[in-house]
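Below is one structure; the comments refer to it alone.
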Amino acid sequence: MKEGRLVLYIGLGWMFDALDVLILSYLLVAMSNELKLDSQAKTWIVLANNLGMLIGAMLFGRLADRVGRKKVFMSTLLTYSIATAISAFARNWQEFAVIRFFVGLGLGGELPVVATYVSENSPPERRGRNVVLLESFWSLGAILAAAISLFLFTTIGWRSSLLLMGATAFYVFVIRFTLPESQRWLELREQRGGLFETRIIGEFVRRLTLVGAVWFLLAFGYYGAFLWLPTMLVRERGFTQVGTYEFMFLTTLAQLPGYFSAAYLVEKAGRRPVGSLYFALSALSAAFFISSNSYAELLLWALALNFFNLGVWGVVYAYTPELFPTSVRGIATGLAGSAARIGMILGPLLYPLYASTALLIIAIAWLVASALILLLPETRGRVV
């Protein structure tokens, strides 16, 4: 299988993962009047989405070790493409929250499994690069989410936009049929007679604990900041709805070079130093963003935040599957993803409690993650 096709076909699904996750922050603004959303309703919608992602990561990571990578990532993609389209017909915020749970279920199952799949189907010397390039499709989804909000929400409306998103995600489901099952997984199935033991995870408890903590702190900060950023700009900085969408679209563009820089550096300098550095610079960007007094300063530090924080996501996704053996790679990555989903649930609760001061708490969390990642072994160039 050609690596370019592998990254492209899996990456397109990843792009829609990002689109579905990140469009939620814009939807909370766009449908606020029609569905009569107050702060409590918005919090419940975000919670339902994140709870679905938590359960999906735990459930489908385990299934990927049992039944195969391809069967799982095909079913998760189908789940969230259908649920996204159905959400366009929600009559009130309660219905929308229930449907977003199922969207989250598919999203949570997809992310750790496809990262494992690409890692297992890449040569050691390009494995980290390929997974970071896969993760770079997240920024394409983020840019697409901002563009849809700016150009489609304001013309055809949020309901028609969701229908269009569901239809295009289903198309990606169709083209993924041409991808083969993971060769590493097939080889292990033959060796084990189809049985996969998870007791080996006991040997990696310390490592899994550290990885889980890194994932938790990363997601705690990312979702705590980015899901509320449009609302923050409107409420605290006086931005208009269109002005907010424009600002988010511009700053999201910095995510792609952030990923590309990480894709280059992980194979040159290693996973640990690049991850630690990008965590620290993400923390610095968040701290300076909250203290900005002008539009130019806000723009500069938002660009830096997008660049470094999305770069570190790429590093962590590339690093995690390499830390565990094939027999438990799916469940270990899924458990790490579950820790991220807990962070994803708790992080967004900061802003309703502390307003923009929440970004200082997030900066501290990322500094802790910067230190923790240095306690893990380096995996650059290793056969895993």
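Per my numbering, residue -16 is the first one in the sequence shown, and the count goes up by one each step. From the three backbone atoms N, C-alpha and C, an ideal C-beta is built for every residue, glycine too.
- It is roughly 5 Å from the alpha-carbon of residue 120 to the alpha-carbon of residue -6.
- Rounded to the nearest whole angstrom, the CA to CA distance from residue 214 to residue 335 is 11 Å.
- Contact between residue 345 and residue 235 is ruled out by a C-beta separation of about 18 Å, above the 8 Å threshold.
- Counting of Cβ neighbours within 10 angstroms places residue 1 among the buried residues, the total reaching 16 or more.
- Annotated three-state conformation of residue 307 is coil, per DSSP.
- Residue 282 carries a helical assignment under DSSP once its states are collapsed to helix, strand and coil.
- A Cβ-Cβ distance of about 5 Å is found for the pair residue 259 and residue 353, placing them in contact under the 8 Å criterion.
- In the structure shown, residue 211 adopts coil according to DSSP, grouped into three states.
- By the CB criterion at 7 Å, residue 254 and residue 298 fall inside the cutoff.
- Minimum Cα-Cα distance from residue 159 among the listed residues 60, 218, 118 and 338 corresponds to 60.
- Inter-residue distance for residue 270 and residue 156 is about 40 Å (C-alpha atoms, whole angstroms).
- With fewer than 16 other Cβ atoms from the protein chains shown falling within 10 Å of its own Cβ, residue 139 counts as exposed.
- The segment 315 to 329 makes contact with the segment 15 to 33; the number of CB pairs closer than 8 Å reaches 3 or more.
- Distances from the alpha-carbon of residue 87 to those of 7, 13, 151 and 52 put 7 closest.
- When C-beta atoms of the segment 291 to 310 are compared with those of the segment 225 to 242, three or more pairs fall below 8 Å, so the two segments count as touching.
- Ranked by Cα distance from residue 162, the first of 287, -4, 359 and 360 is -4.
- Cβ neighbours of residue 355 within its own chain (closer than 8 Å, five residues either side excluded): 193, 196, 197 and 200.
- Secondary structure of residue 139 (DSSP, three-state): coil.
- For the pair residue 130 and residue 250, the Cα-to-Cα distance works out to about 32 Å.
- Residue 96 is a Cβ neighbour of residue 47, given a cutoff of 7 Å.
- In this structure, the beta-carbon distance from residue 212 to residue 331 does not fall below 7 Å.
- Judged by their CB atoms, residue 104 and residue -11 are nearer to each other than the 7 Å cut-off.
- Taking one beta carbon from each stretch, the segment 143 to 151 and the segment 62 to 76 have 3 or more pairs nearer than 8 Å; the two touch.
- Annotation: the segment 295 to 347 contains the following complete segments of the alpha helix (DSSP H) (minimum length 4 residues), in chain order: 309 to 329 and 333 to 337.
- The closest CA to that of residue 117, considering only 257, 38, 10 and 242, is found on 242.
- Boundaries of the alpha helix (DSSP H) harbouring residue 91: 76 to 103, taken from the DSSP string.
- For residue 128, the enclosing alpha helix (DSSP H) begins and ends at 107 to 130.
- About 17 Å separates the CB atoms of residue 124 and residue 68; that is not less than 8 Å, and the two are not in contact.
- If you ignore the 5 residues before and after residue 244, its C-beta comes within less than 7 Å of the C-beta of 294, all in its own chain and listed in chain order.
- CA-CA distance, residue 349 to residue 229, rounds to 27 Å.
- If you draw a 10 Å sphere on the C-beta of residue 44, you find 16 or more other C-beta atoms in it, and that means buried.
- In this structure, residue 93 lies near residue 56, with their beta-carbon atoms less than 7 Å apart.
- With 16 or more other CB atoms across the displayed protein chains lying within 10 angstroms of its CB, residue 363 is buried.
- In its chain, beyond the 5 residues on either side, no residue has a beta carbon closer than 7 Å to the beta carbon of residue 274.
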